[in-house]
Amino acid sequence: MKHRGGKVHIAGRPFKGIKSTVDWKRNNFVMIVSRGYQSILFVLVIVMAGAEVQENLSPNCKQFLYMGTLPRGLQQQSFKKICQFYEGKPRFVTLFDTFSHIPIYSAYTFKRSDGSKKVDVPWMYEPQLSTVSNSREMQPFPSENLHKSFEDAQAVLEDYSNSVIFERGQLNPDEHQADIHDKASTYTLTNVVPQVREFNIGPWKDHEHIIRRRLNNYCRGTAYIVTGVTTSGHSIRRHNINRLGIPTYLWSAYCCIDFDHNAPFSERSKFPVFAAHGLNDREDNKVQEMTVQQLEDFLKKVTYVDSSFQIFYDNCVALNSAMP
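Numbering of the sequence shown is given in numbering that gives the first Met the number 0, commencing with residue 0 and proceeding in unit increments.
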C-alpha cells in the first residue's frame with residue numbers, strides 16, 4: 000500500500016457522491032435477504048439499539064476529554080460516539096465509523112505506566128452498537144457463531160483472521176494505562192484498526208514508548224490523548240464484501256497543561272501540547288512529531304474534515320496560561 004497523495008477520506012470510502020452510498024445499500028440489502036428472515040430481524044434490532052450509543056456524552060465519559068470537549072469538525076452520519084465501559088466503569092471514548100467498521104479516533108487519559116501489556120484478555124465487541132442488551136459494557140466474543148447478529152455494525156475476529164499484512168493495532172494502547180482493568184478495556188475491536196505489521200511493531204510502537212516515557216517523566220497533571228486515523232477507501236474484504244477500512248495515516252496528539260517547567264528544553268518545548276503522524280505502510284513509515292496546529296493543517300489537506308477541525312478545546316491553552 001502506497002500513499003499517492005491527494006485528498007482521502009476519514010470515513011473510509013471514496014467521495015463519489017450519492018451513487019457509492021446507494022451501491023453500498025444495495026449490496027447490503029442483497030446480503031441481508033440472502034441471510035433470511037432471522038437476519039432481517041437482527042438488522043431491525045441493530046437500528047433500534049443504536050440509541051444506546053451516547054449522542055451527548057455523560058459527565059463520567061467527558062472526563063477523558065480536555066475541558067470535556069470532543070474534537071471538533073468530525074461529524075458524519077455513520078459516526079457513533081461510544082463511551083467504552085468495562086467492569087462497571089467508563090474507560091475511554093471512541094468515535095466509531097459503522098460504515099468502515101473501525102474507530103476514527105479513541106480519546107483517553109494517560110496513566111503513568113511501566114509499559115507492561117495485558118496479554119491474557121479475550122478480544123471484545125461493543126453491545127451498544129448491535130444487539131439489545133441489558134449491559135452497556137463491552138463483551139467477549141461468543142464462542143458460538145452468534146456474531147452474525149452484530150457484524151453489520153462493527154468488526155469481528157474473522158475480519159482479521161486471514162490477513163497477512165495487517166495486525167490489530169490499538170488506538171488507546173494498553174501500555175498507556177496502568178490499572179489492570181483499564182488495560183483490559185483496550186482489547187475491544189472498537190478500539191482497533193488494521194495496521195501494517197512493520198509499522199505497528201516498528202515506528203508506531205516506538206512512538207507510543209516515547210510518549211509514555213515523556214508523560215511519565217514530565218506531565219504532573221492529567222494528560223489527555225486523542226489517537227486517530229485517516230483512510231482512503233481501501234478495505235479488507237471477507238466473502239467478497241468490504242469489511243474494514245484500512246488506515247492511510249495514524250495520528251496522535253496529547254494535551255498536558257500541568258507539566259514540569261524545569262524539564263530539559265528538548266522535552267519542555269513539547270508541552271503543553273504536541274502531536275505526530277505516521278504512514279501506515281511497510282516503507283516510508285517514519286513517525287513525525289509536530290505541533291498540534293501542524294497536525295490539524297495536515298489532516299485538513301489529506302482527510303475529509305471541515306474547516307473548523309480542532310483536536311483540543313481552545314488548542315489546549317490553560318485559562319491561566321501565563322508561563323512562570
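Don't be surprised by glycine CBs; every beta carbon is placed ideally from N, CA and C. Keep in mind the model is a prediction, meaning the values are calculated, not measured.
Ser307 classed as buried or exposed, judged by whether at least 16 other C-beta atoms fall within 10 angstroms: Here residue 307 corresponds to residue number 308 of the sequence shown, with the count starting at 1. Exposed: under 16 other Cβ atoms inside 10 Å.
With distances taken from CA atoms, which of Ser142, Asp151, Leu170, Phe149 is nearest His276? Your numbering for residue 276 matches position 277 in the sequence shown. Considering only Ser142, Asp151, Leu170, Phe149, the residue with the shortest C-alpha distance to His276 is Leu170.
Check whether Phe280 and Phe198 have beta carbons under 9 Å apart: Position 281 of the sequence shown, counted from the start, is the residue given in the question as residue 280. Position 199 of the sequence shown, counted from the start, is the residue given in the question as residue 198. The residue asked about is misnamed: residue 280 is Asp in this sequence, not Phe. The answer is yes: Cβ separation under 9 Å.
Helix, strand or coil: which one does DSSP assign to Val21? Counting from 1 along the sequence shown, the entry for residue 21 is found at position 22. Note that Val21 scores a pLDDT of 30, beneath 50, so its modelled location is shaky and nothing firm can be said.
Sequence ranges, beta strand (DSSP E) only - wholly within the stretch 264-323, length at least 3: Here the runs fully enclosed are 272-278, 287-289.
Rounded to whole angstroms, what's the CA-CA distance from Asn27 to Val155? Just pull it up for me. Looking up residue 27 in the sequence shown gives position 28. Looking up residue 155 in the sequence shown gives position 156. Legend: pLDDT at Asn27 = 36, less than 50; position of this residue unreliable, value from coordinates given subsequently. Asn27 and Val155: Cα-Cα distance of roughly 17 Å.
When DSSP labels each residue in this structure, what does Asp173 get in the three-state scheme? Counted from its first residue, the sequence shown places residue 173 at position 174. The three-state secondary structure of Asp173, taken from DSSP, is helix.
In whole angstroms, what is the alpha-carbon distance linking Tyr223 and Ala252? Position 224 of the sequence shown, counting from 1, holds the residue named residue 223. Position 253 of the sequence shown, counting from 1, holds the residue named residue 252. Using only the alpha carbons, I get a separation of about 8 Å.
Taking Pro102 as the reference, which of Ser57, Val92, Tyr303, Pro126 has the closest Cα? For the purposes of this step, residue 102 is identified with residue 103 of the sequence shown, where counting begins at 1. Nearest to Pro102 by alpha-carbon distance, out of Ser57, Val92, Tyr303, Pro126, is Val92.
Closest residue to Asn241 among Gln83, Phe273, Phe98 (Cα-Cα distance): Taking the first residue of the sequence shown as position 1, residue 241 is located at position 242. The shortest Cα separation from Asn241 among Gln83, Phe273, Phe98 belongs to Phe98.
DSSP three-state call for Lys116: helix, strand or coil? Translated into the one-based positions of the sequence shown, residue 116 becomes position 117. Correct three-state label for Lys116: coil.
For Phe198, name the three-state secondary structure that DSSP assigns. Here residue 198 refers to the residue found at position 199 when the sequence shown is read from its first residue. In this structure, Phe198 counts as helix in the three-state DSSP scheme.
With burial defined as no fewer than 16 other Cβ atoms inside 10 Å of the residue's Cβ, what is the status of Ile235: buried or exposed? Reading the sequence shown from its first residue, position 236 is the one you call residue 235. Buried, since its Cβ has 16 or more Cβ neighbours within 10 Å.
Could you tell me if His175 is buried or exposed, where buried requires 16 or more neighbouring beta carbons within 10 angstroms of its beta carbon? Position 176 of the sequence shown, counted from the start, is the residue given in the question as residue 175. Of the residues assessed, His175 falls on the buried side of the cut-off, its CB having 16 or more other CB atoms within 10 angstroms.
Within 10 angstroms of its Cβ, does Val316 collect 16 or more other Cβ (buried), or is it exposed? Here residue 316 is taken as the residue at index 317 of the sequence shown, counted from 1. Taking all protein chains shown into account, Val316 has fewer than 16 neighbouring C-beta atoms within 10 Å of its C-beta and is therefore exposed.
Short Cβ contact (9 Å threshold) for Leu56 with Tyr104: Taking the sequence shown and counting its residues from 1, one reaches residue 56 at position 57. Taking the sequence shown and counting its residues from 1, one reaches residue 104 at position 105. Remark: C-beta atoms of Leu56 and Tyr104 do not approach each other more closely than 9 Å.
Pick helix, strand or coil for Pro121, following the three-state DSSP scheme. Indexing the sequence shown from 1 puts residue 121 at position 122. Three-state DSSP puts Pro121 in coil, outside helix and strand.
From what residue to what residue does the beta strand (DSSP E) around Ile103 run? Your numbering for residue 103 matches position 104 in the sequence shown. Note, Ile103: beta strand (DSSP E), 101-108.
Comparing C-alpha positions only, which one of Tyr312, Leu128, Phe264, Leu278 sits nearest to Cys82? Here residue 82 refers to the residue found at position 83 when the sequence shown is read from its first residue. When C-alpha distances from Cys82 are compared across Tyr312, Leu128, Phe264, Leu278, the shortest belongs to Leu128.
Sorted by chain position, which residues of the same chain lie with C-beta nearer than 7 Å to Val32's C-beta, five sequence neighbours on each side aside? The residue labelled residue 32 in the question sits at position 33 within the sequence shown. Unreliable placement is indicated for Val32, whose pLDDT of 31 sits below 50; the coordinate value is still reported in the next sentence. Setting aside the 5 residues that flank it on each side, Val32 has no residue in the same chain whose C-beta is closer than 7 Å to its C-beta.
From the DSSP output, in three-state form, read off Thr189 for me. Your numbering for residue 189 matches position 190 in the sequence shown. Note: Thr189 maps to helix in three-state DSSP.
Can you tell me whether DSSP reads Gln138 as helix, strand or coil? One-based indexing of the sequence shown puts residue 138 at position 139. In the three-state scheme derived from DSSP, where H, G and I count as helix and E and B as strand, Gln138 is classed as strand.
Quick check on the burial criterion: 16 or more other C-beta atoms within 10 angstroms. Buried or exposed for Ile179? For the purposes of this step, residue 179 is taken as residue 180 along the sequence shown, with counting starting at 1. The residue in question, Ile179, is exposed, as its Cβ has fewer than 16 Cβ neighbours within 10 Å.
Among the residues of its own chain, which have a CB less than 6 Å from the CB of Phe63, if the five just before and after it don't count? Start at 1 with the first residue of the sequence shown, and residue 63 comes out as number 64. Phe91, Val92, Ala106, Tyr107, Thr108.
Whether Tyr217 touches Ala262 by CB criterion (9 Å): Numbered from 1 along the sequence shown, position 218 holds the residue referred to as residue 217. Numbered from 1 along the sequence shown, position 263 holds the residue referred to as residue 262. Cβ atoms of Tyr217 and Ala262: closer than 9 Å.
Suppose you measure from the CA of Thr68 to the CA of Val225; what does that come to, to the nearest Å? Sequence index remark: in the sequence shown, residue 68 carries index 69 (1-based). Sequence index remark: in the sequence shown, residue 225 carries index 226 (1-based). Those two C-alpha atoms are separated by around 12 Å.
Mind checking who Ser234 pairs with in its DSSP beta bridge? Within the sequence shown, numbered from 1, the residue matching residue 234 stands at position 235. Its beta-bridge partners are Gly244.
Between Leu298 and Trp250, is the Cβ-Cβ spacing less than 9 Å? Locating residue 298 in the sequence shown gives position 299, where the first residue counts as 1. Locating residue 250 in the sequence shown gives position 251, where the first residue counts as 1. In this structure, Leu298 lies near Trp250, with their beta-carbon atoms less than 9 Å apart.
Are there 16 or more other CB atoms within 10 angstroms of the CB of Glu136, so buried, or fewer, so exposed? On the sequence shown, residue 136 is found 137 positions in, with the first residue counted as 1. Label assigned to Glu136: buried.
CA-to-CA distance, Lys182 to Cys255, given in whole angstroms: The count along the sequence shown starts at 1 and reaches residue 255 at position 256. The count along the sequence shown starts at 1 and reaches residue 182 at position 183. One C-alpha to the other measures close to 21 Å.
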